[in-house]
Each structure stands twice: as C-alpha cells, then as structure tokens.
Amino acid sequence: MARIQPKILKGFRDYLPEVMVPRTRLLRRISEVFERYGFEPLDTPSIEYSEILLGKAGPEAEKLFYRFNDQGGRDVALRYELTISLAR
C-alpha cells in the first residue's frame, strides 16, 4: 500500500507560529488604524444563493464558483469574491 504524502494544495499555505504571531500583530495594528479613521468591519457568508451570484452575468460566470444543492435542496454556491455579497 502506498504511503500518503502530506502536502498542501497549490495556492494555499500554512502559517506556522513563528510567522503567525507577528502576522497577527501586524493585522491587528492595521485594523486599529483603519477603525480610527471610521472603517467598520463587515463579514458575509461564504455561501450565497446561486441566483444572486449569477445575477445578470452570462454562462461564463458559472465557471467562477462551486455550485451545489444544500441539505434543504436550495441551489447555492461558494462566493468567489466579496463584491456581490457586499452589494446584497
């Protein structure tokens, strides 16, 4: 039986503690400065109804996201960027 070679998917990375600790400090500092100037954080779900993501875009847009039916049978998709979610 072949051994499984643990590896990371292309385009992804692990942040180990020696990188993550200073990275977290830097991001926290950046957030503090942004908030001082009126920025208000916002987060949206990673999953949206497919019809929202498709909108008036053509069939090419469908290639940009992973579309599936959830447990309730709803047609949903993983968003590929934030513009549409923020506009909603």
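Per the working numbering, the sequence shown runs over residues 589 to 676.
Glycine included, C-beta positions come from ideal geometry on N, C-alpha and C.
Here Ala665 is bridged, per DSSP, to Glu636, Arg655. Annotated as proximal: Ser638 and Asp663, with beta-carbon spacing under 9 Å.
For Phe627, no alpha helix (DSSP H) segment is defined, and its DSSP state is neither H nor E. Under the DSSP assignment, Ile672 falls in the alpha helix (DSSP H) whose first and last residues are 671-675.
Counting of Cβ neighbours within 10 angstroms places Ala665 among the buried residues, the total reaching 16 or more. At least 9 Å separates the beta-carbon of Thr612 from that of Leu670.
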